[in-house]
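K.L.:
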């Protein structure tokens with residue numbers, strides 16, 4: 010039931026958002042979010058609610074990267090009807106942190122979108138890795154799709 | 010734009026699914042899933058695709074619990090239009106494992122739903138904890154909402 014138009018439009022939102030994140034463009038990324046956005050992020054706490062919290066988080070997070078962030082998006086699946094959509098993807102995040110560390114990990118990403126005044130906005134984002142249930146409880150940062 | 014009817018119906022799906030999980034009722038839980046369900050779960054791998062993979066995973070996971078699983082759902086937010094919905098919640102999972110361990114953790118849960126032949130089905134589930142970015146990379150199992 011997902012129309013080709015919705016699929017393309019939501020795909021463009023995800024692509025544009027990823028490009029802004031990659032360029033560490035805070036306001037560029039913020040433009041994609043709905044006012045009451047709820048984020049379940051890689052780092053604690055459990056949830057981040059609202060644009061101001063997310064803007065602050067992005068600013069701080071971008072400062073920990075030296076140069077651009079590479080965000081490769083794979084297996085994007087979009088499901089939409091009318092003014093609501095959700096989409097899933099796997100994302101490879103890599104680059105160089107200011108402390109010299111070079112993260113290179115795959116994460117799972119789910120986004121919930123709402124079309125507000127004719128424009129798709131990200132109302133919810135959930136990004137995570139699984140964790141190893143072997144007693145170590147370590148985040149599984151070495152998985153590949 | 011989310012109708013009260015959709016909100017109630019999706020809420021009933023989440024409640025019914027949680028009750029089945031709590032009772033370790035494999036087929037009861039499976040009844041809520043869409044045929045091509047995609048799961049981003051707490052444990053590796055990155056993704057689990059399709060009903061058979063999820064049925065096998067549930068069976069194995071239920072065997073690791075001694076007695077019922079307590080699944081408390083909080084802050085359920087439903088966004089729906091027509092035949093597509095997504096919902097978010099925080100879930101406290103607790104109980105006793107067969108090895109005597111007593112997990113008691115809060116997780117974030119996102120679900121994507123589709124109304125198929127008049128019935129809401131879970132087409133996507135994403136359950137996770139954040140992880141500590143303090144060098145330990147440990148799953149944050151001690152967070153509270």
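Protein chains in written order, with this note's numbering: chain A, 10 to 154; chain B, 10 to 154.
Cβ atoms here follow ideal geometry from the backbone N, Cα and C, with glycine treated the same way.
Treat the numbers as computed from the prediction; the structure is a model and nothing was measured.
Against chain B, does residue 20(A) count as a neighbour if the rule is that its beta carbon must be under 9 angstroms from one of theirs?
P.N.:
So, not an interface residue.
K.L.:
Would DSSP call residue 89(B) helix, strand or coil?
P.N.:
strand
K.L.:
Just the C-alpha distance for residue 78(A) and residue 100(A), rounded to the nearest angstrom, thanks.
P.N.:
12 angstroms
K.L.:
Could you work out which residues of chain A lie near residue 92(B), taking near to mean beta carbons separated by less than 7 angstroms?
P.N.:
10, 90
K.L.:
Around the C-beta of residue 12(A), are 16 or more other C-beta atoms found within 10 angstroms, so that it is buried, or is it exposed?
P.N.:
exposed
K.L.:
Taking the alpha-carbon positions, what's the residue 131(B) to residue 60(B) distance?
P.N.:
11 angstroms
K.L.:
Given that a residue counts as buried once 16 or more other Cβ atoms are within 10 Å of its Cβ, and exposed if not, what is residue 88(A)?
P.N.:
Buried: at least 16 other Cβ atoms inside 10 Å.
K.L.:
Starting from residue 15(A), follow its DSSP beta bridges and name the residues at the other end.
P.N.:
DSSP lists no bridge partner for residue 15(A).
K.L.:
Tell me the residue span of the beta strand (DSSP E) that contains residue 49(A).
P.N.:
42-49
K.L.:
What residues from the segment 139-154 of chain B come within 9 angstroms of chain A, judged by C-beta to C-beta, listed N to C?
P.N.:
139, 140, 141, 142, 145, 146, 147, 148, 149, 150, 152, 153, 154
K.L.:
Does any residue of chain B have a CB that is nearer than 9 angstroms to the CB of residue 13(A)?
P.N.:
no
K.L.:
Taking C-beta pairs closer than 7 angstroms, name the residues in chain A that residue 50(B) reaches, listed in chain order.
P.N.:
139
K.L.:
Quick one: grab the DSSP three-state call for residue 153(A).
P.N.:
coil
K.L.:
On the three-pair Cβ rule with 8 angstroms, is the segment 118-130 of chain B touching the segment 35-45 of chain A?
P.N.:
no
K.L.:
Assign residue 10(A) to buried or exposed, taking buried as 16 or more other Cβ atoms, counted over all protein chains shown, within 10 Å of its Cβ.
P.N.:
exposed
K.L.:
First and last residue of the beta strand (DSSP E) that includes residue 131(B)?
P.N.:
Per DSSP, residue 131(B) belongs to the beta strand (DSSP E) from 128-137.
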